[in-house]
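Read left to right, the sequence shown gives residues -27 to -1, 1 to 350 (mature numbering (1 follows the signal peptide of the UniProt record, and there is no 0)). No residue lacks a Cβ here, since even glycine has one placed at the ideal position from N, Cα and C. Remember, it's a predicted structure, so these values are computed and weren't measured experimentally.
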Amino acid sequence: MNIYKLNVGWIAALFLSIGLPRNSVTGQVLSVQSIQSCDNTPDIILNRFDLTYYVSNQTVYLDLAGKSSRQLLNATAGLTFMLYGSNLYNTTYNLCSFNQTGLCPIQANSTFNLTGWQPLPPQFIDKIPAFIFGLPDLGLQTQVTIQSPTTVNQSLCLVTSISNPDAPSFHNPVPRWLSIGLLIGAILQGVISFIYAFFDGQNLSNAVSSSSFPRVTDIVLFFQYVSYSGQLAFNYPDMYKSFTANFAWAMGLINIPFIDNAASTGTAQTSNNSTVSYFVHIMKRADILPMNSMPSNTSVTGIKAYVESINIPDTRLFMTTLLVFVFVLALLTALMLLLWFMIGLLAVIACLQWRKVKVYAVQWPWLYFGYASRLVR
(Lines of atoms letter the chains of each structure in order from A and count residues from 1; the text may use other names and numbers.)
(Lines give C-alpha, C1' and ligand atoms only; values in the text may rest on other atoms or scores of the structure.)
Protein backbone atom coordinates (compact mmCIF):
# COMPACT_ATOMS: atom_id res chain seq x y z
CA MET A 1 0.00 0.00 0.00
CA ASN A 2 2.82 2.40 0.83
CA ILE A 3 4.58 1.55 -2.41
CA TYR A 4 1.36 2.24 -4.29
CA LYS A 5 1.02 5.66 -2.65
CA LEU A 6 4.66 6.42 -3.41
CA ASN A 7 4.21 5.58 -7.10
CA VAL A 8 1.02 7.65 -7.28
CA GLY A 9 2.88 10.59 -5.75
CA TRP A 10 5.66 10.43 -8.31
CA ILE A 11 3.16 10.13 -11.19
CA ALA A 12 1.18 13.09 -9.89
CA ALA A 13 4.35 15.18 -9.57
CA LEU A 14 5.32 14.24 -13.12
CA PHE A 15 1.96 15.29 -14.58
CA LEU A 16 2.02 18.52 -12.61
CA SER A 17 5.48 19.31 -13.95
CA ILE A 18 4.34 18.49 -17.50
CA GLY A 19 1.58 21.04 -17.12
CA LEU A 20 3.92 23.83 -16.01
CA PRO A 21 3.78 26.89 -18.26
CA ARG A 22 6.93 27.83 -20.13
CA ASN A 23 7.37 31.07 -18.17
CA SER A 24 7.57 29.12 -14.89
CA VAL A 25 11.07 27.89 -15.73
CA THR A 26 12.52 31.08 -17.16
CA GLY A 27 13.83 32.21 -13.78
CA GLN A 28 15.94 29.12 -13.29
CA VAL A 29 19.72 29.02 -13.35
CA LEU A 30 21.49 25.84 -14.41
CA SER A 31 25.02 25.23 -13.21
CA VAL A 32 27.63 22.50 -13.46
CA GLN A 33 27.03 19.49 -11.22
CA SER A 34 29.61 17.05 -12.60
CA ILE A 35 32.36 17.14 -15.19
CA GLN A 36 34.58 14.70 -17.04
CA SER A 37 37.11 14.85 -19.82
CA CYS A 38 36.49 13.46 -23.29
CA ASP A 39 39.97 14.00 -24.75
CA ASN A 40 43.20 12.03 -24.38
CA THR A 41 45.68 14.83 -25.07
CA PRO A 42 47.70 16.69 -22.41
CA ASP A 43 47.75 19.93 -24.43
CA ILE A 44 45.65 21.93 -21.94
CA ILE A 45 45.61 21.50 -18.18
CA LEU A 46 42.72 23.25 -16.43
CA ASN A 47 42.82 24.86 -13.02
CA ARG A 48 39.39 26.55 -13.12
CA PHE A 49 36.14 25.85 -14.92
CA ASP A 50 32.65 27.19 -14.52
CA LEU A 51 29.63 27.15 -16.83
CA THR A 52 26.25 28.65 -15.95
CA TYR A 53 23.14 28.81 -18.10
CA TYR A 54 20.66 31.60 -17.31
CA VAL A 55 17.27 30.58 -18.65
CA SER A 56 15.73 34.05 -18.19
CA ASN A 57 17.94 35.89 -20.67
CA GLN A 58 19.10 32.88 -22.70
CA THR A 59 22.80 33.38 -22.02
CA VAL A 60 25.68 31.15 -21.00
CA TYR A 61 28.47 32.33 -18.72
CA LEU A 62 31.75 30.51 -19.37
CA ASP A 63 34.84 30.86 -17.19
CA LEU A 64 37.77 28.68 -18.16
CA ALA A 65 41.39 29.02 -17.08
CA GLY A 66 44.33 26.74 -17.72
CA LYS A 67 47.77 26.24 -19.19
CA SER A 68 48.69 25.02 -22.65
CA SER A 69 51.75 22.91 -23.37
CA ARG A 70 51.82 23.94 -27.03
CA GLN A 71 51.02 26.94 -29.18
CA LEU A 72 47.46 27.01 -30.53
CA LEU A 73 46.99 29.35 -33.48
CA ASN A 74 43.52 30.55 -34.50
CA ALA A 75 41.93 28.29 -31.91
CA THR A 76 38.17 27.97 -31.67
CA ALA A 77 35.90 27.03 -28.77
CA GLY A 78 32.97 24.74 -29.40
CA LEU A 79 29.83 24.63 -27.25
CA THR A 80 27.25 21.84 -27.62
CA PHE A 81 24.08 21.23 -25.60
CA MET A 82 22.75 17.67 -25.38
CA LEU A 83 19.62 16.23 -23.82
CA TYR A 84 19.88 12.52 -23.03
CA GLY A 85 22.57 12.15 -25.70
CA SER A 86 20.71 14.02 -28.48
CA ASN A 87 22.21 17.26 -29.77
CA LEU A 88 20.02 20.30 -29.16
CA TYR A 89 22.33 23.11 -30.17
CA ASN A 90 25.97 23.59 -31.09
CA THR A 91 28.04 26.59 -32.03
CA THR A 92 31.68 27.61 -32.46
CA TYR A 93 33.43 30.75 -31.24
CA ASN A 94 36.72 32.16 -32.46
CA LEU A 95 38.88 32.79 -29.41
CA CYS A 96 40.22 35.98 -30.97
CA SER A 97 36.70 37.43 -30.80
CA PHE A 98 36.89 37.45 -26.99
CA ASN A 99 39.61 40.14 -27.09
CA GLN A 100 41.30 38.71 -24.02
CA THR A 101 45.01 38.42 -23.35
CA GLY A 102 46.54 35.03 -24.02
CA LEU A 103 43.81 33.71 -26.31
CA CYS A 104 44.93 34.92 -29.74
CA PRO A 105 47.03 32.89 -29.99
CA ILE A 106 47.38 30.60 -26.95
CA GLN A 107 51.11 30.50 -26.34
CA ALA A 108 53.05 27.38 -25.36
CA ASN A 109 53.70 26.90 -21.63
CA SER A 110 51.61 29.92 -20.73
CA THR A 111 48.38 30.40 -18.83
CA PHE A 112 45.19 31.73 -20.36
CA ASN A 113 41.75 32.75 -19.18
CA LEU A 114 38.54 32.59 -21.23
CA THR A 115 35.66 34.47 -19.66
CA GLY A 116 32.52 35.72 -21.33
CA TRP A 117 28.76 35.75 -21.79
CA GLN A 118 27.41 34.06 -24.89
CA PRO A 119 23.77 34.43 -26.03
CA LEU A 120 21.75 31.45 -27.21
CA PRO A 121 18.97 31.56 -29.81
CA PRO A 122 15.38 31.75 -28.46
CA GLN A 123 14.42 28.48 -30.13
CA PHE A 124 16.91 26.61 -27.93
CA ILE A 125 14.69 26.70 -24.84
CA ASP A 126 11.72 25.59 -26.95
CA LYS A 127 13.53 22.30 -27.68
CA ILE A 128 13.58 21.43 -23.97
CA PRO A 129 10.22 20.21 -22.60
CA ALA A 130 9.08 22.26 -19.60
CA PHE A 131 8.62 19.19 -17.38
CA ILE A 132 12.34 18.35 -17.77
CA PHE A 133 13.17 21.25 -15.44
CA GLY A 134 11.04 19.69 -12.71
CA LEU A 135 12.68 16.27 -12.88
CA PRO A 136 15.44 15.27 -10.48
CA ASP A 137 18.86 15.26 -12.15
CA LEU A 138 17.68 16.41 -15.57
CA GLY A 139 19.79 14.91 -18.35
CA LEU A 140 21.04 18.17 -19.87
CA GLN A 141 24.74 18.10 -20.77
CA THR A 142 27.17 20.51 -22.38
CA GLN A 143 30.34 19.77 -24.29
CA VAL A 144 33.10 22.39 -24.38
CA THR A 145 36.00 21.95 -26.80
CA ILE A 146 39.07 23.91 -27.85
CA GLN A 147 40.77 23.08 -31.13
CA SER A 148 43.33 24.69 -33.39
CA PRO A 149 43.72 24.13 -37.15
CA THR A 150 47.39 23.37 -36.46
CA THR A 151 46.49 20.26 -34.40
CA VAL A 152 44.82 17.07 -35.53
CA ASN A 153 42.98 16.30 -32.30
CA GLN A 154 41.06 18.51 -29.93
CA SER A 155 43.29 20.16 -27.35
CA LEU A 156 40.48 20.19 -24.78
CA CYS A 157 37.17 18.39 -24.51
CA LEU A 158 34.90 18.52 -21.46
CA VAL A 159 31.45 17.06 -20.91
CA THR A 160 29.46 18.56 -18.06
CA SER A 161 26.10 17.77 -16.53
CA ILE A 162 24.14 20.90 -15.66
CA SER A 163 21.00 21.22 -13.59
CA ASN A 164 19.26 23.47 -11.15
CA PRO A 165 21.14 23.15 -7.84
CA ASP A 166 17.89 23.83 -5.96
CA ALA A 167 15.98 21.09 -7.78
CA PRO A 168 15.38 17.74 -6.08
CA SER A 169 17.80 14.89 -6.67
CA PHE A 170 17.51 11.11 -6.56
CA HIS A 171 20.64 11.16 -4.39
CA ASN A 172 19.06 12.03 -1.06
CA PRO A 173 18.78 10.48 2.41
CA VAL A 174 15.24 9.12 1.98
CA PRO A 175 15.95 6.02 -0.16
CA ARG A 176 19.23 5.47 1.71
CA TRP A 177 17.56 5.34 5.11
CA LEU A 178 14.64 3.32 3.75
CA SER A 179 17.06 0.67 2.52
CA ILE A 180 18.97 0.71 5.82
CA GLY A 181 15.64 0.50 7.67
CA LEU A 182 14.72 -2.54 5.60
CA LEU A 183 18.02 -4.14 6.60
CA ILE A 184 17.45 -3.38 10.29
CA GLY A 185 13.92 -4.77 10.02
CA ALA A 186 15.27 -8.00 8.53
CA ILE A 187 17.80 -8.28 11.37
CA LEU A 188 15.17 -7.73 14.07
CA GLN A 189 12.72 -10.10 12.44
CA GLY A 190 15.43 -12.75 12.17
CA VAL A 191 16.34 -12.35 15.84
CA ILE A 192 12.69 -12.63 16.91
CA SER A 193 12.19 -15.73 14.75
CA PHE A 194 15.34 -17.27 16.19
CA ILE A 195 14.24 -16.63 19.79
CA TYR A 196 10.81 -18.11 19.08
CA ALA A 197 12.31 -21.22 17.47
CA PHE A 198 14.83 -21.47 20.31
CA PHE A 199 12.16 -21.62 23.03
CA ASP A 200 10.01 -23.85 20.82
CA GLY A 201 12.69 -26.52 21.09
CA GLN A 202 13.74 -26.57 17.44
CA ASN A 203 17.29 -27.46 16.45
CA LEU A 204 19.83 -24.81 15.52
CA SER A 205 19.57 -25.17 11.74
CA ASN A 206 15.78 -24.79 11.83
CA ALA A 207 16.00 -21.88 14.25
CA VAL A 208 18.42 -20.00 12.00
CA SER A 209 16.40 -20.62 8.82
CA SER A 210 12.97 -20.08 10.40
CA SER A 211 12.61 -16.48 9.12
CA SER A 212 10.36 -16.11 6.06
CA PHE A 213 11.25 -12.43 5.70
CA PRO A 214 13.96 -11.60 3.13
CA ARG A 215 17.23 -12.48 4.81
CA VAL A 216 19.95 -10.01 5.64
CA THR A 217 22.26 -11.48 3.01
CA ASP A 218 19.53 -11.24 0.35
CA ILE A 219 18.94 -7.57 1.10
CA VAL A 220 22.63 -6.67 1.20
CA LEU A 221 23.35 -8.57 -2.03
CA PHE A 222 20.45 -6.86 -3.79
CA PHE A 223 21.60 -3.35 -2.85
CA GLN A 224 25.18 -4.32 -3.69
CA TYR A 225 24.00 -5.22 -7.18
CA VAL A 226 22.22 -1.86 -7.57
CA SER A 227 25.28 0.02 -6.31
CA TYR A 228 27.67 -1.99 -8.48
CA SER A 229 25.62 -1.33 -11.62
CA GLY A 230 26.08 2.41 -11.05
CA GLN A 231 29.86 1.98 -10.87
CA LEU A 232 30.15 0.62 -14.39
CA ALA A 233 31.65 2.97 -16.98
CA PHE A 234 28.43 3.13 -19.01
CA ASN A 235 26.65 6.24 -20.22
CA TYR A 236 23.81 6.02 -17.74
CA PRO A 237 21.33 8.89 -17.29
CA ASP A 238 22.29 11.17 -14.44
CA MET A 239 19.20 10.30 -12.43
CA TYR A 240 20.08 6.59 -12.41
CA LYS A 241 23.67 7.22 -11.35
CA SER A 242 22.42 9.49 -8.57
CA PHE A 243 19.92 6.85 -7.46
CA THR A 244 22.49 4.06 -7.24
CA ALA A 245 24.73 6.26 -5.07
CA ASN A 246 22.14 5.94 -2.29
CA PHE A 247 23.11 2.31 -1.77
CA ALA A 248 26.88 2.72 -1.59
CA TRP A 249 26.70 1.60 2.05
CA ALA A 250 26.09 -1.97 0.85
CA MET A 251 29.55 -1.91 -0.78
CA GLY A 252 31.20 -0.62 2.39
CA LEU A 253 31.44 2.93 1.00
CA ILE A 254 30.35 4.85 4.07
CA ASN A 255 31.38 8.47 4.53
CA ILE A 256 31.28 9.12 8.29
CA PRO A 257 33.85 11.13 10.28
CA PHE A 258 35.60 8.44 12.32
CA ILE A 259 35.98 6.09 9.35
CA ASP A 260 37.13 8.99 7.16
CA ASN A 261 39.75 10.01 9.74
CA ALA A 262 40.93 6.43 10.17
CA ALA A 263 41.14 5.95 6.40
CA SER A 264 43.08 9.19 6.07
CA THR A 265 45.54 8.06 8.75
CA GLY A 266 45.95 4.64 7.16
CA THR A 267 46.48 6.15 3.73
CA ALA A 268 49.04 8.59 5.13
CA GLN A 269 51.06 5.69 6.53
CA THR A 270 51.06 3.74 3.28
CA SER A 271 51.39 6.50 0.66
CA ASN A 272 54.09 9.08 0.05
CA ASN A 273 51.82 11.72 -1.49
CA SER A 274 48.80 11.23 0.73
CA THR A 275 49.07 14.71 2.25
CA VAL A 276 48.81 16.31 -1.18
CA SER A 277 45.93 14.02 -2.15
CA TYR A 278 44.12 14.81 1.09
CA PHE A 279 44.21 18.59 0.64
CA VAL A 280 43.26 18.25 -3.03
CA HIS A 281 40.17 16.17 -2.31
CA ILE A 282 38.80 18.12 0.65
CA MET A 283 37.66 20.81 -1.80
CA LYS A 284 33.89 21.07 -1.86
CA ARG A 285 32.19 20.10 -5.09
CA ALA A 286 30.34 23.43 -4.96
CA ASP A 287 33.61 25.33 -5.44
CA ILE A 288 34.53 27.07 -8.68
CA LEU A 289 36.22 23.91 -9.94
CA PRO A 290 33.62 21.10 -9.73
CA MET A 291 35.96 18.56 -11.29
CA ASN A 292 38.59 16.03 -10.39
CA SER A 293 41.48 18.25 -9.25
CA MET A 294 44.33 16.43 -10.89
CA PRO A 295 47.24 17.80 -12.96
CA SER A 296 45.82 16.34 -16.17
CA ASN A 297 42.58 16.06 -18.09
CA THR A 298 42.03 12.49 -17.01
CA SER A 299 38.60 11.05 -17.77
CA VAL A 300 36.60 10.42 -14.60
CA THR A 301 34.27 7.48 -15.10
CA GLY A 302 33.31 4.20 -13.48
CA ILE A 303 34.19 3.56 -9.85
CA LYS A 304 36.28 6.72 -9.59
CA ALA A 305 33.39 8.96 -10.59
CA TYR A 306 31.04 6.95 -8.36
CA VAL A 307 33.08 7.40 -5.18
CA GLU A 308 33.61 11.09 -5.93
CA SER A 309 29.85 11.55 -6.16
CA ILE A 310 29.54 10.37 -2.54
CA ASN A 311 32.50 12.55 -1.44
CA ILE A 312 34.98 9.74 -0.84
CA PRO A 313 38.42 10.41 -2.37
CA ASP A 314 39.55 7.62 -4.67
CA THR A 315 42.86 7.48 -2.75
CA ARG A 316 40.94 6.23 0.29
CA LEU A 317 38.62 3.82 -1.51
CA PHE A 318 40.43 0.63 -0.47
CA MET A 319 41.12 1.81 3.07
CA THR A 320 37.49 2.85 3.59
CA THR A 321 36.04 -0.48 2.46
CA LEU A 322 38.65 -2.36 4.51
CA LEU A 323 37.82 -0.42 7.68
CA VAL A 324 34.08 -0.91 7.19
CA PHE A 325 34.63 -4.64 6.69
CA VAL A 326 36.79 -4.89 9.83
CA PHE A 327 34.22 -2.91 11.82
CA VAL A 328 31.30 -5.11 10.70
CA LEU A 329 33.32 -8.28 11.35
CA ALA A 330 34.24 -7.05 14.84
CA LEU A 331 30.61 -6.19 15.56
CA LEU A 332 29.46 -9.62 14.35
CA THR A 333 32.14 -11.32 16.45
CA ALA A 334 31.18 -9.41 19.61
CA LEU A 335 27.47 -10.11 19.10
CA MET A 336 28.00 -13.82 18.43
CA LEU A 337 30.32 -14.18 21.45
CA LEU A 338 27.75 -12.48 23.67
CA LEU A 339 24.99 -14.78 22.46
CA TRP A 340 27.29 -17.80 22.81
CA PHE A 341 28.04 -16.82 26.41
CA MET A 342 24.32 -16.43 27.18
CA ILE A 343 23.46 -19.79 25.60
CA GLY A 344 26.35 -21.47 27.42
CA LEU A 345 25.22 -19.98 30.71
CA LEU A 346 21.67 -21.13 30.03
CA ALA A 347 22.99 -24.61 29.21
CA VAL A 348 24.74 -24.81 32.58
CA ILE A 349 21.65 -23.63 34.47
CA ALA A 350 19.07 -25.75 32.66
CA CYS A 351 21.16 -28.71 31.52
CA LEU A 352 18.97 -31.29 33.28
CA GLN A 353 15.71 -30.05 31.76
CA TRP A 354 16.77 -28.65 28.39
CA ARG A 355 19.40 -30.76 26.70
CA LYS A 356 19.06 -29.01 23.35
CA VAL A 357 20.69 -25.93 24.82
CA LYS A 358 23.89 -27.91 25.10
CA VAL A 359 23.71 -28.73 21.41
CA TYR A 360 23.22 -25.03 20.66
CA ALA A 361 26.32 -24.15 22.69
CA VAL A 362 28.43 -26.74 20.85
CA GLN A 363 27.20 -25.81 17.36
CA TRP A 364 27.27 -22.03 17.88
CA PRO A 365 30.95 -21.50 16.84
CA TRP A 366 30.25 -23.17 13.50
CA LEU A 367 27.30 -20.84 13.01
CA TYR A 368 29.63 -17.89 13.60
CA PHE A 369 32.19 -19.21 11.10
CA GLY A 370 29.39 -19.58 8.56
CA TYR A 371 28.27 -15.96 8.96
CA ALA A 372 31.87 -14.73 8.94
CA SER A 373 32.63 -16.60 5.70
CA ARG A 374 29.54 -15.09 4.06
CA LEU A 375 30.69 -11.65 5.13
CA VAL A 376 34.13 -12.24 3.60
CA ARG A 377 32.59 -13.32 0.32
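- Item | Contacting residues, own chain, Cβ-Cβ under 6 Å from N126 (five flanking each side not counted) | As a working note, residue 126 is residue 153 in the sequence shown. Correct list, in chain order: T14.
- Query: Count the other CB atoms within 10 Å of the CB of S282; is the residue buried (16 or more) or exposed (fewer)?
  - Reply: Within the sequence shown, the letter at position 309 stands for residue 282. With 16 or more neighbouring CB atoms inside 10 Å of its own CB, S282 falls in the buried class.
- Per DSSP, the bridge partner or partners of I8: For the purposes of this step, residue 8 is taken as residue 35 along the sequence shown, with counting starting at 1. For I8, which the question treats as bridged, DSSP gives the partners T133.
- Task: Taking H144 as the reference, give the member of A236, Y279, G317 and D23 with the closest Cα.
- Result: Walking along the sequence shown from the start, residue 144 turns up at place 171. Among A236, Y279, G317 and D23, the Cα nearest to that of H144 is on Y279.
- If you check the beta carbons only, do V28 and Q6 fall under 8 Å apart? Reading the sequence shown from its first residue, position 55 is the one you call residue 28. Reading the sequence shown from its first residue, position 33 is the one you call residue 6. No; because the gap between Cβ atoms is not below 8 Å, this pair is not in contact.
- From this set, L205, M224, Y209 and F172, which residue's C-alpha is nearest F195's C-alpha? Taking the first residue of the sequence shown as 1, we reach residue 195 at position 222. Of the candidates L205, M224, Y209 and F172, the one whose C-alpha sits nearest the C-alpha of F195 is M224.
- Query: Can the beta-carbon of Q114 be found closer than 8 Å to that of T133?
  - Reply: One-based indexing of the sequence shown puts residue 114 at position 141. One-based indexing of the sequence shown puts residue 133 at position 160. Yes, the pair counts as a contact, with Cβ atoms nearer than the cut-off.
- Query: In whole angstroms, what separates the C-alpha of G39 from that of D211?
  - Reply: Start at 1 with the first residue of the sequence shown, and residue 39 comes out as number 66. Start at 1 with the first residue of the sequence shown, and residue 211 comes out as number 238. Distance from the CA of G39 to the CA of D211, rounded to the nearest whole angstrom, comes to 27 Å.
- Item | Spatial distance of Y57 from W337 (CA atoms) | Counting from one through the sequence shown, the residue named residue 57 turns up at place 84. Counting from one through the sequence shown, the residue named residue 337 turns up at place 364. Spanning the two alpha carbons is a distance of roughly 54 Å.
- A206 versus N228 - alpha carbon distance: In the sequence shown, counting from the first residue as 1, residue 206 sits at position 233. In the sequence shown, counting from the first residue as 1, residue 228 sits at position 255. In a straight line, the C-alpha of A206 is about 22 Å away from that of N228.
- Item | Which of helix, strand or coil DSSP assigns to R289 | What you label residue 289 is simply residue 316 of the sequence shown in a count that begins at 1. The answer is helix: DSSP assigns R289 an H, G or I state.
- Message: Can you check which of these residues, T123, N47 and L37, is closest to L68 by C-alpha distance?
- Response: One-based indexing of the sequence shown puts residue 68 at position 95. The shortest Cα separation from L68 among T123, N47 and L37 belongs to N47.
- Query: How is the alpha helix (DSSP H) around T190 delimited, first residue to last?
  - Reply: For the purposes of this step, residue 190 is taken as residue 217 along the sequence shown, with counting starting at 1. Run containing T190: V189 to G203, per the alpha helix (DSSP H) assignment.
- Item | Extent of the continuous beta strand (DSSP E) to which T217 belongs | Position 244 of the sequence shown, counted from the first residue, corresponds to residue 217. Counting along the chain, T217 falls outside any beta strand (DSSP E), though it belongs to the alpha helix (DSSP H) covering D211 to T217.
- Within the region 8 to 62, ranges of the alpha helix (DSSP H) (whole runs, at least 4 residues): none
- Consult DSSP for residue 353 and reduce its assignment to one of helix, strand or coil. Residue 353 is absent from the model: the chain starts at -27 and stops at 350.
- Item | Cβ pair Q91, V33 closer than 8 Å | Locating residue 91 in the sequence shown gives position 118, where the first residue counts as 1. Locating residue 33 in the sequence shown gives position 60, where the first residue counts as 1. Contact flag set, yes.
- Query: If you draw a straight line from the C-alpha of K277 to the C-alpha of N219, how long is it?
  - Reply: For this step, residue 277 is matched to residue 304 along the sequence shown. For this step, residue 219 is matched to residue 246 along the sequence shown. When rounded, the distance between both Cα atoms is 16 Å.
- Of all the options I232, G163, L156 and K214, which has the alpha carbon lying nearest to the alpha carbon of L295? Here residue 295 refers to the residue found at position 322 of the sequence shown. The option with the nearest alpha carbon to L295 is I232.
- Message: Cutting at 6 Å between CB atoms, please list the residues of its own chain near I105, excluding the five before and the five after it.
- Response: To locate residue 105, count along the sequence shown from 1; it is residue 132. Result list for I105: L111, in chain order.
- Sorted by chain position, which residues of the same chain lie with C-beta nearer than 6 Å to K214's C-beta, five sequence neighbours on each side aside? Position 241 of the sequence shown, counted from the start, is the residue given in the question as residue 214. Taken in chain order, the residues that qualify are G203.
- Straight-line Cα distance separating A81 from N63: On the sequence shown, position 90 is the one that residue 63 refers to. On the sequence shown, position 108 is the one that residue 81 refers to. Their backbone Cα atoms lie some 28 Å apart in a straight line.
- Query: Would the beta-carbon of L61 fall within 8 Å of that of F54?
  - Reply: Within the sequence shown, the letter at position 88 stands for residue 61. Within the sequence shown, the letter at position 81 stands for residue 54. A contact, by the Cβ cut-off of 8 Å.
- Message: Please classify residue 352 as buried or exposed, where buried requires at least 16 other C-beta atoms within 10 Å of its C-beta.
- Response: Because the chain is modelled from -27 through 350, residue 352 falls outside the range shown and cannot be assessed.
- Answer with buried or exposed for N137, where buried requires no fewer than 16 other C-beta atoms within 10 angstroms of its C-beta. Along the sequence shown, read from residue 1 onward, the residue named residue 137 stands at position 164. By the 10 Å Cβ count, N137 comes out buried.
- The alpha helix (DSSP H) with Q127 in it runs from where to where? Along the sequence shown, read from residue 1 onward, the residue named residue 127 stands at position 154. Unbroken run through Q127: none, as it is neither H nor E.
- Is the beta carbon of G163 sitting closer than 8 Å to the one on V193? Here residue 163 is taken as the residue at index 190 of the sequence shown, counted from 1. Here residue 193 is taken as the residue at index 220 of the sequence shown, counted from 1. No.
- Message: Rounded to whole angstroms, what is the Cα-Cα separation between L76 and D23?
- Response: The count along the sequence shown starts at 1 and reaches residue 76 at position 103. The count along the sequence shown starts at 1 and reaches residue 23 at position 50. About 17 Å.
- Pick out whichever of G317, L93, P148 and T306 has its Cα sitting closest to the Cα of G343. For the purposes of this step, residue 343 is taken as the residue at position 370 of the sequence shown. Measuring C-alpha to C-alpha distances from G343 to each of G317, L93, P148 and T306 identifies T306 as the nearest.
- Alpha-carbon spacing of W339 relative to L310, whole angstroms: Taking the first residue of the sequence shown as position 1, residue 339 is located at position 366. Taking the first residue of the sequence shown as position 1, residue 310 is located at position 337. So the two alpha carbons sit approximately 12 Å from each other.
- Query: Which residue or residues does DSSP assign as beta-bridge partners of F85?
  - Reply: The sequence position of residue 85 within the sequence shown is 112, counting from 1. Answer is G39, bridged to F85.
- Using a Cβ-Cβ cut-off of 8 Å (strictly less than) and excluding sequence neighbours within five positions of S128, which residues of its own chain qualify? The residue labelled residue 128 in the question sits at position 155 within the sequence shown. Answer for S128: D12, T14, D16, I17, S41, R43, L45, A48, I119, Q120 and S121, listed in chain order.
- Task: Give the C-beta separation of R289 and A236 to the nearest angstrom, bearing in mind that I take them to be a contact with Cβ-Cβ under 8 Å.
- Result: Here residue 289 refers to the residue found at position 316 when the sequence shown is read from its first residue. Here residue 236 refers to the residue found at position 263 when the sequence shown is read from its first residue. The Cβ separation is near 4 Å, so the contact holds.
- Where the alpha helix (DSSP H) containing Q96 begins and where it ends: What you label residue 96 is simply residue 123 of the sequence shown in a count that begins at 1. Here the alpha helix (DSSP H) through Q96 covers Q96 to D99.
- Task: Leaving aside the five residues before and after residue 422 along the sequence, list all residues of the same chain whose C-beta is less than 7 Å from its C-beta, in chain order.
- Result: Because residue 422 is not part of the residues shown, which for the chain are -27 to 350, the question remains open.
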